[in-house]
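Data first, discussion second: the structure below is written as structure tokens.
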Amino acid sequence: MLTEELKQNQKIYDDYLDMEFGQFLSEEITEFLAKYYFRAELIGFDGKMPERENPERPIIYISNHSGMAFPWDGMIMSTLFFQRENYTFDKAFRPVVAPILSQSLLMNPYMIPHLWRRVGAIDATFKNLETMMHYQGGNIMIYPEGVPGIGKGFNNKYKLQRFSSSFVYNSIKYKTNVIGIVTVNGEYLNPYSYSVKWIDRLVKKVGVPFFPMGFLTPFLLLVPWIFYMAYPAKLKFVRCRALKPYEMTDKSIEELSKEDLRAIAEECRKQMQEDLDKAIEIHGKDPFEWKEHFQILKKNWRLFPFTVPLGWPLLFAEFENKYKHFQKTGEKKSLDLGFGSVLRILFQNPITICYYIPILGWIPLLIKGFRKKF
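Numbering that gives the first Met the number 0 puts the first residue of the sequence shown at 0, with every later residue one more than the last.
Encoded structure:
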């Protein structure tokens, strides 16, 4: 039943959503990164995309988060689905993400205002999730591990963290299926990085969900562009079995206690862990596939430096240039990524040079990143 409170909250469907922005970002940026850097693949989705068994309710996709890095795994997976579904959400999904990603400009990729929300992401609150169970425009993606999944440290790689039970509650209440997708090789986006609890607690106070401690840490403090970087892990997104939490209990949703819901969520976690372990055996033996990576870079040398993290601040700045042009004129132009475009992009977006200035470059970036309005 759609209560008045949920009905009023349906504004989240369209708040900030900009389909033109999402399609342009996908076509010009994330598909570019998926092809030339992460060499990403969807596995197990060769035929038709999953159909809703309950036509009135979205499918709940769930996935592991990983990597001790910026959530490139989620961005790239969303892009592959979005592209496959011709830039609509009909059979793709809208991600439900940790609110901390939207609370500061710094946590939006290269400080593009409201990027997550403009491409369809919804803040992960209980009310928002239940509201999305009435969404007729597509399906939803949930990361039930939350921030502890992506920030668990390399010593816990591929070990699924405790699942939130919110997806179980909604699957049971609305009789909709849950489909798992496991990310393989995502743990190598920033390998050999570890989590230190007291440091994570400290950085959360300024709006950063965790701070990876590893090889890149001293370089991150020195050169700002490393904040958003990732290693070229070959990302593979593997479809798992369908789960039906509503068939895992004889109780009604009103009769289920928190302990009951947690037990069902744990059973889902165990089944997904089994599927993840199998996927790793098949697809995780060579997480970087360096030979293929360097062959692609060599073949596309004219696109350097945009094909590596060093050039990503420039890549995203050029995207902003072209999208602003589109908003003003209605004319959509592809990004100009010739080697000689570097100086032009820096001239048009002067703050971008701060990403390359050691130590002092952080000052204007942090001032911009933590301003209250953006």
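Yeah, the Cβ is synthetic: ideal placement off N, Cα and C, and Gly gets one too.
Report the rounded CA-to-CA distance for M110 versus I75, giving the unit in angstroms.
Distance from the CA of M110 to the CA of I75, rounded to the nearest whole angstrom, comes to 18 Å.
Which of the three DSSP states, helix, strand or coil, is assigned to T248?
In the structure shown, T248 sits in coil (DSSP, three-state: anything other than H, G, I, E or B).
Indicate the three-state DSSP secondary structure (helix, strand or coil) for D13 in the structure shown.
Under the three-state reduction of DSSP output, D13 falls in the coil class, being neither helix nor strand.
Among R261, T78 and K158, nearest to D276 - alpha-carbon criterion
For D276, the nearest C-alpha among the options comes from K158.
Apart from the five residues on each side of it in sequence, which residues of its chain come closer than 7 Å, Cβ to Cβ, to A33?
Non-local C-beta neighbours of A33 in its own chain, meaning closer than 7 Å and more than five positions away in sequence, comprise A39, I75, T78 and L79, ordered along the chain.
What residue range does the beta strand (DSSP E) around L221 cover?
Note, L221: premise wrong, no beta strand (DSSP E); alpha helix (DSSP H) at T216 to L221.
Alpha-carbon spacing of C353 relative to P108, whole angstroms:
Their Cα atoms are separated by approximately 15 Å.
Excluding the 5 residues flanking G150 on each side, which residues of the same chain have their C-beta closer than 8 Å to its C-beta?
Closer than 8 Å at Cβ, skipping near neighbours: M67, S194, D199, P208, F209 and P211.
Tell me whether E129 is buried or exposed, calling it buried when 16 or more other Cβ atoms sit within 10 Å of its Cβ.
With 16 or more neighbouring CB atoms inside 10 Å of its own CB, E129 falls in the buried class.
Below 8 Å on the Cβ atoms is my contact criterion, and I expect S62 with E186 to pass it. Report the Cβ-Cβ distance as a whole number of Å.
Their Cβ separation, rounded to whole angstroms, is 13 Å, which puts S62 and E186 out of contact at 8 Å.
Pull up the distance between the alpha-carbon of R116 and that of W289, whole angstroms please.
Roughly 34 Å separates the two Cα atoms.
Rank E253, F31, F166 and L364 by C-alpha distance to the C-alpha of I225 and give the top, closest one.
Scanning E253, F31, F166 and L364 for the CA closest to the CA of I225 turns up L364.
Please report the distance separating the alpha-carbon of K233 from that of P147.
One alpha carbon belongs to K233, the other to P147, and they sit about 22 Å apart.
For the alpha helix (DSSP H) containing L345, name the first residue and the last one.
From DSSP, the alpha helix (DSSP H) with L345 extends over S340 to Q347.
Got a sec, what are the start and stop residues for the beta strand (DSSP E) M140 sits in?
Per DSSP, M140 belongs to the beta strand (DSSP E) from N138 to I141.
By how many angstroms is the C-alpha of F81 removed from the C-alpha of Y322?
Taking C-alpha positions only, Y322 is separated from F81 by approximately 19 Å.
Extent of the continuous beta strand (DSSP E) run through V96:
The continuous beta strand (DSSP E) containing V96 extends over residues F92 to V96.
Which value, in whole angstroms, describes the spacing of the CA atoms of I391 and R238?
The structure shown has nothing for residue 391, since the chain only spans 0 to 373.
Any chance the region 257-269 sits against the region 332-339, with 3 or more Cβ pairs inside 8 Å?
Flag = no, the region 257-269 and the region 332-339 do not touch.
Roughly how many whole angstroms lie between the Cα atoms of E319 and L24?
Straight-line measurement puts the Cα of L24 at about 9 Å from the Cα of E319.
Give me, in chain order, the residues of the same chain whose beta-carbon lies closer than 6 Å to that of P57; leave out the 5 immediate sequence neighbours on both sides.
Hits under 6 Å: Y134, N138 and I139.
Which value, in whole angstroms, describes the spacing of the CA atoms of Y12 and K203?
Spanning the two alpha carbons is a distance of roughly 28 Å.
Please specify which runs of the alpha helix (DSSP H), each continuous and at least 4 residues long, are wholly inside the region 139-202, giving them in chain order.
Within the region 139-202, the complete alpha helix (DSSP H) runs of at least 4 residues are 146-149 and 165-173.
Sequence-distant residues of its chain with Cβ nearer than 6 Å to I356 (five each side left out)
Here the set comprises nothing.
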